[in-house]
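Working notes, beginning with the structure itself.
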Amino acid sequence: AQSVTQLGSHVSVSEGALVLLRCNYSSSVPPYLFWYVQYPNQGLQLLLKYTSAATLVKGINGFEAEFKKSETSFHLTKPSAHMSDAAEYFCAVSDQAGTALIFGKGTTLSVSS
Amino acid sequence: DTAVSQTPKYLVTQMGNDKSIKCEQNLGHDTMYWYKQDSKKFLKIMFSYNNKELIINETVPNRFSPKSPDKAHLNLHINSLELGDSAVYFCASSPEVAKETQYFGPGTRLLVL
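Chains as they are written, first to last, in our numbering: chain A, 1 to 113; chain B, 1001 to 1113.
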């Protein structure tokens, strides 16, 4: 069965610092992987997705993620954090039947000035 | 225009009551979903509909019944509400199945007293 594990439930960075949010997946088939962001009291918004076209995926707001099959990872990065990046971030994998998303437990990103 | 809308945004009710949450999408998508986000922000799929037909029904109490009157609407009816039903319920839609990007509504915050 597909699953995702997000390492670190809370990550704190300073404004301008590198953001690294970790996600490892488990999948018996080539996975479709997603990163979503949830701002306080809002729904989820897609940051980026991997669908096997390219291993380095660029998303919105300066975020990118690299698919590494050998490490079963899909970590999210941003070179320079901004205060507006403070939010909850979810990694997700499409289930084997391709009928739903399976989400990780989320990582809260805090950005301090 | 809002792509995926939900009503109501907030719902406070007593145990034992019956309530409904409505979802509408104007994206022309074929597939719609209901997710539950608990107090620890964990997101889990509840139901998935494709072209008005149920394709996923996860382990959800049968007090929860989804209804899709047409492709653009997926409502969630909950009978005999319990304290544990308190959560945020998100509706989402995608063009076909979950390998496509899912677009989320703003959520309905349900509090059962």
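Just so it is clear, CB atoms sit at the ideal spot from N, CA and C, and this is done for glycine as well. Computed from a prediction, not measured in an experiment: that's the story for all the values here.
What does residue 2 of chain A touch in chain B if you count any residue whose Cβ is under 9 Å from its own? At a beta-carbon threshold of 9 Å, none of the residues of chain B lie near residue 2 of chain A; the nearest stands roughly 10 Å away.
Proximity below 8 Å, CB of residue 100 of chain A to CB of residue 1093 of chain B: No, they are not a contact pair.
Supposed contact pair residue 17 of chain A and residue 65 of chain A - C-beta distance, whole angstroms, cut 8 Å: By a beta-carbon distance limit of 8 Å, residue 65 of chain A does not contact residue 17 of chain A. Their separation comes to about 18 Å.
If you draw a straight line from the alpha carbon of residue 20 of chain A to that of residue 92 of chain A, how long is it in whole angstroms? Cα-Cα distance, rounded: 16 Å.
Round the Cβ separation of residue 1004 of chain B and residue 1025 of chain B to the nearest angstrom and send it over; I've been treating them as touching at under 8 Å. The beta-carbon distance between residue 1004 of chain B and residue 1025 of chain B, rounded to whole angstroms, is 5 Å. This is short enough to meet the 8 Å contact definition.
Simplified DSSP assignment, three categories, for residue 1085 of chain B: If DSSP states are grouped into helix, strand and coil, residue 1085 of chain B belongs with the helices.
Can you give me the start and stop residues for the beta strand (DSSP E) that residue 38 of chain A sits inside? DSSP places residue 38 of chain A inside the beta strand (DSSP E), whose first and last residues are 33-38.
Counting only beta-carbon atoms, is residue 58 of chain A nearer than 8 Å to chain B? Cβ-Cβ to chain B under 8 Å: no for residue 58 of chain A.
Name, please, each residue of chain B whose Cβ falls closer than 7 Å to the Cβ of residue 6 of chain A. At a beta-carbon threshold of 7 Å, none of the residues of chain B lie near residue 6 of chain A; the nearest stands roughly 11 Å away.
Check each residue of the region 37-67 of chain A: if its Cβ is closer than 9 Å to any Cβ of chain B, include it; give the result in chain order. Only 38, 41, 42, 43, 44, 45, 46, 49 and 51 from the region 37-67 of chain A bring a Cβ to less than 9 Å from some Cβ of chain B.
What is the residue span of the beta strand (DSSP E) that residue 1060 of chain B lies within? In this chain, residue 1060 of chain B is not harboured by any beta strand (DSSP E), its DSSP state being neither H nor E.
Within a Cβ cutoff of 7 Å, which residues of the same chain sit near residue 1014 of chain B, ignoring the five residues on either side of it in sequence? Cβ neighbours of residue 1014 of chain B beyond the five flanking positions: 1113.
For a contact defined as C-beta to C-beta under 8 Å, what are the partners of residue 105 of chain A on chain B? Correct list: 1040, 1041 and 1042.
Short check: CB of residue 103 of chain A to CB of residue 90 of chain A, under 8 Å? Cβ distance < 8 Å, so residue 103 of chain A and residue 90 of chain A count as in contact.
Show which residues of chain B have a CB atom less than 7 Å away from the CB atom of residue 120 of chain A. What the structure shows of chain A is the stretch from 1 to 113, and residue 120 of chain A is not part of that stretch, so it cannot be assessed.
C-alpha distance - residue 107 of chain A paired with residue 1030 of chain B, whole-angstrom precision: Cα-Cα distance, rounded: 30 Å.
Report back the beta-carbon spacing between residue 114 of chain A and residue 72 of chain A to the nearest angstrom; my notes put them in contact at under 8 Å. The question about residue 114 of chain A has no answer here: the residues shown for chain A are numbered 1 through 113.
For residue 61 of chain A, three-class secondary structure by DSSP: Residue state, collapsed to three classes: helix.
Enclosing beta strand (DSSP E) for residue 1004 of chain B [first to last residue]: Residue 1004 of chain B -> beta strand (DSSP E) spans 1004-1007.
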